[in-house]
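Residue numbers (numbering that gives the first Met the number 0), protein chains in the order written: chain A, 0 to 104; chain B, 0 to 310; chain C, 0 to 549; chain D, 0 to 498; chain E, 0 to 489. For glycine and all other residues, C-beta sits at the position ideal for the given N, C-alpha and C. This report refers to the structure that appears directly beneath it.
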Amino acid sequence: MTTLLIYAFTSIILFSIGLFGLVSHPNLIRKIVSLNIMGGGAFLFLISLAYHGRSPDIDPVPQAMVLTGIVVTISATAFALCLTRRIREKTGQCLLEHCPDKPET
Amino acid sequence: MGLIFDLIIGLSLAGVAWRIVRVREHFQAIVLFITFGLLLSLAWTRLKSPDIAIAEAAVGAGLAGVLLMDALGTLSSTRNQPLPGRFLQLFIPCLFLAGLMAYTILFIPADFQGLGPMVSEALPDTHLEYPVTAVLLDFRGYDTWLELGVLLVAVLGVLCVRQAGTIKGSMLPAPAEPVGRWIIKLLLPLMVLIGGYLLWLGAFAPGGAFQAGVVLASGGVMLWQAGHPSLALLHHVWWKILMISGFVFFLILASSSLLYNQQFMTHPEAKMWILGVEYAATLSIAICLISLVLASPARNQGDQRARKTES
Amino acid sequence: MGRGLMALAPLPALFLAIKEDPSPGIELGDFLLKSSLGFGPFGSTFLLITSLTWFISGLYWTLGPQNNAKSRSFCVFFLLTMCGNIGLVAARDAISFYTFFAVMTFCAFSLIVHTGKDLARRAGRIYLIMAVVGEGLLIAGVMMAVFFSPSHYFTDIAPALARLPETHFVFLTLFAGFGIKAGLLLLHFWLPLAHPVAPTPASAVLSAAMIKAGLLGWMNFFPVGIASFGSWGSVFAVLGLGGAFFGVMAGLSEKDPKVILAYSSISQMGLMAFCFGLGIIDESLWIMAAPAMYLLIFNHALSKSALFLGTALARSDRAWPRKDVLIIIMLAVPALALAGAPFTGGAQAKLLLKEAAVSGPLNETFLFFLTISSVFTTLLMTHFMKQVISIKKKSESSLGQAMVWLMLIITILTLPLISHLLYQENRITWTDSGLLFSSAWPVIAGLIIYLFLRRQVERMSAMFRQILPDAALIMDKLWYHSNARIRQHGFLESSWGQMNFARFSERLLQRESTQRISRELELRLSAWSVFGIFFMLLIIIFSLFALWGM
Amino acid sequence: MNLNFWLPVLMLSSSFFTGLIIFFLKETSTRLRTALNLTGAVFKVVAVHYMAYRLLVLDHIHQVSFSMGLGFDFVLRVDFLSLMFLALSSNLWLVTTLYAVGYLEGSPNRSRFFGFFSLCVTACTGIAMAGNLISFFIFYEFLTLVTYPLVVHRETKVALEAGRTYLWYTILGGVLLFLGVVWLQVIAGPLEFVDTGALEALGPDQHNILRVIFLILIMGLGVKAALVPLHGWLPVAMVAPAPVSALLHAVAVVKAGAFGIVRVIFDVFGRDFAGFLGLLGPLAVAASITIIFGSLRALSQSDLKKRLAYSTVSQVSYITLGAAVIASFSTVGAIVHLVHQGIMKITLFFCAGNFAETLGLHNVRDLRGVGRRMPITAITFTVAAFGMIGVPPLAGFVSKWYLGLGSLDGGSGWIIGILVASSLLNAAYFLPVINALWFETPAKEWKTLRPSRFETPWMLLVPPIFTAGTALLAGLFAEWTWSPLGLARQIAFGMGVYP
Amino acid sequence: MPELLILVPFTGALLCFLFPGHIRDVIGLLCAVLTFVASIILTGNIYQNGPIRLNLGGWKEPLGIGMCVDGLSVLFIFLTGIVGLLVSLYSVSFFSKANNQSLAKHFWPLWLFLWGSLNSIFFVSDIFNAYVVMELISISAAALAALSGTNASLIAALRYFLLAMAGSMAFLLGVGFLYAQTGTLDMYLLGAVTDGGPLMAMALGLMTVGLIMKTALFPFHFWLPPAHGEAPAPVSAVLSALVIKGSFYLLLRIWCTVFQDTTASPQTATLLGLLGLTGVIWGSYQAIIQNRLKLIIAYSSVGQVGYLFLLFPLVFITLDPAWKIEAWTACVFQTISHGLAKAALFLAAGNLIHATGTENLKSMRNIADRLPMTTFTLALAGVSLMGLPPSGGFVAKWMLLQSILASGQWWLAAAPILGGLLTAAYIFRILSQAFVSDDQISCCGHVSFVMEKSALLLAIFSILIGFRSKEVIFLLSEQVYFVIQGGIIP
């Protein structure tokens, strides 16, 4: 139980820090990193639940979920980074605030 | 003892995460993120989840690191930005949120069961020995299939964003380095070996398609990083076919169940089928991940131009 | 063709009136609101007088010189007005009566402004205003009258009104509404303006026939001879007498003979109103007053049209040789008839009137005033003759017109004989010298007064006119202001009161500052930090709410 | 399932499909378009008369209903009240179509115009035939939509502005009506126009809600009926071409609102029940204020069409006024005024259009002496204007007469004062025009914009002659069984409010 | 049958990925037709036979993943089918234009993937599965949003994607909390097992916020207008009509099955309703002040989405069951009619922009002359959006207002009333441009028959759906799975 709580707390903290980073940092790469931290938090929470189970083996369902989640997250990260780099190529900056509100040419 | 270890891991995870968010230099942040990944896999190991540990080590620390570094390479001039204002306005609600969530966690029922017992009950029916693989490929095979779909769509999305028709177009190997090549020559067989082993292991012990695929993908990326042209030699049609193979294999398996007039995604009882799916999935995971990393715009002219204008 | 019609059109009516067959009339079930035409209670007399007047005027115009460019429209409106006038006489129900009354009133407008001169315009304007006001009052009165009675037939209306307690308001509207047409004192001011400006035949019918429509209206709606309304009767009698004197006093200072004639009409209508008032005061008096009134009407209608036509002839210079003297002499005939000289219908009427007045309340006073009024009428007629003699000749007339006029004069001369035949029971024996004297002396007195005290009389008259404000002038001013001034003023300005709230809301939505602020806000919302705050806060709030609700 | 059964639907489709087909016609195929238009219009007129025969003589009520699956049916029913509005709209559509063909000769976007024109009449027909409040609302909103393109037809800035104003108002009205309809449905279930007593059965605790609903409904309908202060759109919408104004003022939009008010009072609440709730008194006051206000405003307009527009504001409220008095005469007056006002006002707008189109005259001041140049138009104008004033024997008098008698009967004699005052004001703003037309001399030479054999093209001349003649005959032969008044009485009798 | 709805588009996507050139169009279209037919048949099936549940792989609830098909899902499937088919038709023509040709090879696979994943989210009955499907939708939608490759579209796509990711993460954590409370992942079991608790409350907060972010509810709407406004026309249509509906569907499903009224307290429902109301007004107002055509339409989506959230206060607070069903039906109906109308609007806007060569509303000229069909489409779709009879939007507003009035939550009535007015304001801002003609400007782009007609068909459907409300109501009140499961709807 204590282990569960320790990791669960950690996961909550990670999630919050990730969220904080996502909304506070203007740079896109940092936002994506923050999202990954959020994801890490969520995964850690699931796994800590899996560990908590009474059965001798740990619960395989959250594990499978996390495995799936990791792949999903890396795909999303790769896609987001690709977009970021494309934006960076075209506009020369890596920020999303004050996006131009007019049509281009 | 275990608790102290847990605490240390937890605290360091939190600390590293905080540093990642607050550190000024992007490069430093990414290095810290790789550390974070490693710490996480340590936590996974501690939580008796070796599969995830392997995947995390390969993905979180490895592939994500490479991706981020690659992206950062084009961003070198934008570091040292001032950190944003509104620290407190954001931090206080964040603290509240964390506090609330922490409070609710205390209510996790002490007799929490999960689905573990049920899985072990149903395990014999799957003809698989390792529960995680069983869940992944049998009980929740639909998820896995869709997850392969996510990978595929991510590749498609990257292609779309790049406005590139094939992966091959942007897959010129990095400038060859003699040292790198030498290392590759040593490491690559090892990687393939590890991947294969993990795949084989998946049927009855920690390991499986994901882990194998991720490891293979890391190998492939290294190969490319070292400037080895071997990947580029693959014809792009083959490349495509390999990429979708896992998804397609699943799809065929799933739809064939319709022919037998059975529930969707019910597969024949032979273990071979599942293994076949696993192999195809491994390959396509590897290829997709490699594509994701490689299809990202490498240092092409547009980048250089952008860099010039900035400096 | 059209001109021929003007003379021919009243002939059927004339024929009917003379034939004097008490036919039941006709019910036109589909026409208007179930109208019924026929001879009303007072039908034959009015029909006779109306159709005769119209016939003569129409004939006069038809035979006149044909050089008027606008004669076609005159012809049309003349006929329409005639239709209205004859129709209202023939109406046996309130609605048809009102309908024909309205047709007559509005069509007469075009007769008044026919010449298109500024004076005519002004007169027309004032006439129209008064007519519209009158129509408005009438419609209200007629509506109420019909509502309070079992049907809209006159045979039902008057008895019903007689019984009802709440009729004063009905009476008031009807009194005023018809009073305008009848040129009752205080409501008369449009008349001296409107009647003279029309072409002569039109003036003749206006003054002789149409003016009687008001009277007929009263007679149709008021329960005369059925019930007694002392108060209303007194109002009629007093205003009537007042009108009789006022018309004369005001007319004495005028120069234009046609205007003088118009004032004379006011005076004569005053007498008729008085007579009608007697009938209202006491129902029993009506038996005596009615013949007097018919004779007054006859006399006035024929004489007035003769006077108008004669004036026009006197102005012309080509009718026949040695005309001036002849015309003047012959013109004296209707003038004397109007004044009530012996052996004329006028005298007959006045005598009957006096008889009626004697048997009523305040008999002495009324008798005195009636006698004096004869003197006054003579004064006015003398004044008129003087003005006719001194007019300059400018217009043309044809021999035919003169002949028509001649016929008319002859009719007037024979009127006493006719009335002799008509009213058997109270015929007058002219052999009675007292009677002769009593009708002769006011005429002589009037002549003498005018001959000797002309200047004083005219001065008095001019002074007298100051007593009543010139309502026409006031209306003119009112008209001018409402047209020119107020319209440009804030409240009546053309876009005021449009209340275009759409414009308001558009302004609200599309205003620069609103747009700017909202765009600014939208930009704020899209900032990551704001998003973050919302994100976290909403999670917290949702969870807390969910906890709270448990 | 025979032809008789589908007749209401056929009525709708005769103009609906005409409109749709016209949209697809080429701009240049004038003849085909005209032929289509006229065919549709004639068909509708014939159908209406046939239905009138079936209803009044054979006593057969046509009804078609479709289930909408929402707790209400989509009902088309030709009852007595419908018949009046139907007859009005179909006949005047025919006339106005003819006029519009002549009016718009050679102008652009005619296919669009006539398409929407037909749809507009479809909406009117639908409003007339709607068998419950919801069906009514559906067509009411449809009307809003299809009249908008007509209002902005000229495509000028002013026209677009007017269109916007028009929309703001009508959409607001629609929303309010929607709210009212829904609310009524919520508390009383689906209300067919036939089951009037349903609201009465609700019990006294609902009375306040019913009052609020009534207010909302009247506000929603009052926008189109141009009750003060919701009339703002009407004078602005004057920029539309004359046939549109004619249609808007005489048949379609304004009438739809007034008709709706009549429906709400008689067939939804029931007149006596509405009176019991104390709703009709205030409504009568509002209508009276509108009558006086509209006339006063008309007095100060120098633009002829604007003057006519304010006159409409005033005149249409007679209908509301008549409906708001509990007396059989008033009801008849209201119903008959629905038709009379339509005929007279459409004549006036035709004439205004003729003046504008033939000689380019818009201002009252410019009309001096036009009576000589365009006598027929001037005569029709005069007739209609006198009718508006309420001079007998024209149609306007008949309705005023009935309204007046009804107000006395209903115990609110003060309305007579309103009627008289309004008549005086009407005279005050119409008579100067007539005076100018006939009795004044023109200030300058006119330049003829449209040379033709007559004073103006015959297609512009026939419609006003026809309508003015109708206005005259409707007054002259008011007592005839099949005159508007006769019909109105039969209708009121059929509705059970006339002895 | 439900499997086919997923298999066919996915297969099509793979084939389109593999094959070049025109074969791709043919395959894509074929798949679209097949999917459409399948969705029609499925709808018919459910209508007649009631809800079904598939246990994938033959594994029972807690262990395996289920696919649940009931009246609610089938309506969304139906919507997706119609919009999908017509958008596909439109796209064939749209992407055959010279300047768009290179985009087709990215469009088809992504679009079919998106379609398949949308279909699968409408069948979802497992919350983790929902997470995966949502990611699939997010990535493909974001990639499609970036399809045109302009700066603004890339930025908008990334912003959308990051937000969607954040939402997904919150959702995932919510899944964790639910699992921690109940130890199961199946929605219907979850609802049956639990009777509230702080963990459920937290999960409600996390999941709701995560999902309303993806649905673009008021404070989180800002990503939508640029993302939907910058994408090519068919993509905008799909994004606005379907993608945001996916997450709304999930939210609805989760609230009705998992949280029910044990967790979803009246306060939370009221808060959602309040946000919806604000969204209606704010979105519509923003639409009024925009100058670019597609931005107007995109902001209109923000406004229209707000209506959907009125469902929560009405269903979770009202007591009378009959009105509950009414409110519930109203909002789902709104979803459908908005989907159809919005797709039609975006396609028509695409035609307009193509024909006039400008995106600025004020400089569009001669619309009605040149593109009568498109103008008509705009008008029809506008009618439905405004909620004028007899369109689908009208039926939705009708029922919505009715249930609002019946429930006594007066303040909610502001949404249909004010919203209707504001909607009319921006719709007519567009339509009034149809009446501005200018002889000077000549035609610059040809709009193909297919492009015009597919938009028109969508608009007509959005009207026609108003006539078939009976069936929809039946599907939503009788053939819903969780009724049988003892959900909140009686």
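Proximity test, Cβ basis, 8 Å: residue i and chain C
i: residue 33(A); result: no
i: residue 429(D); result: no
i: residue 92(B); result: yes
i: residue 391(D); result: yes
i: residue 37(A); result: no
Span separating the alpha-carbon of residue i from that of residue j
i: residue 406(E); j: residue 156(B); result: 46 Å
i: residue 278(E); j: residue 304(E); result: 8 Å
i: residue 203(D); j: residue 314(E); result: 30 Å
i: residue 74(E); j: residue 42(E); result: 7 Å
i: residue 509(C); j: residue 90(E); result: 36 Å
With 16 other Cβ atoms within 10 Å as the buried cut-off, status of residue i
i: residue 454(C); result: exposed
i: residue 304(D); result: buried
i: residue 203(B); result: exposed
i: residue 168(B); result: Any reading at residue 168(B) must be qualified, since the residue scores a pLDDT of 49, below 50, and its modelled position is unreliable; no value is offered.
i: residue 10(B); result: exposed
i: residue 536(D); result: Here chain D has residues from 0 to 498 only, and residue 536(D) is not among them.
i: residue 302(E); result: buried
Beta carbon of residue i nearer than 8 Å to that of residue j
i: residue 426(E); j: residue 381(E); result: yes
i: residue 377(D); j: residue 386(D); result: no
i: residue 110(C); j: residue 392(D); result: no
Short CB-CB distance (under 8 Å) between residue i and chain E
i: residue 524(C); result: yes
i: residue 521(C); result: yes
Within-8 Å CB hit, residue i to chain D
i: residue 153(C); result: no
is_contact[residue i, chain A] using C-beta, thresh 8 Å
i: residue 352(E); result: no
Any chain B beta carbon closer than 8 Å to residue i
i: residue 312(E); result: no
i: residue 192(E); result: no
Threshold first: 4 residues or longer. Then list the alpha helix (DSSP H) segments lying entirely within the region 330-390 of chain C, N to C. 344-357 and 362-388
Just to confirm the assignment: which complete alpha helix (DSSP H) runs, minimum length 4, are found wholly within the region 426-454 of chain D? none
Alpha helix (DSSP H) runs contained entirely in the region 249-314 of chain C, provided each spans 4 or more residues: 256-280 and 285-314
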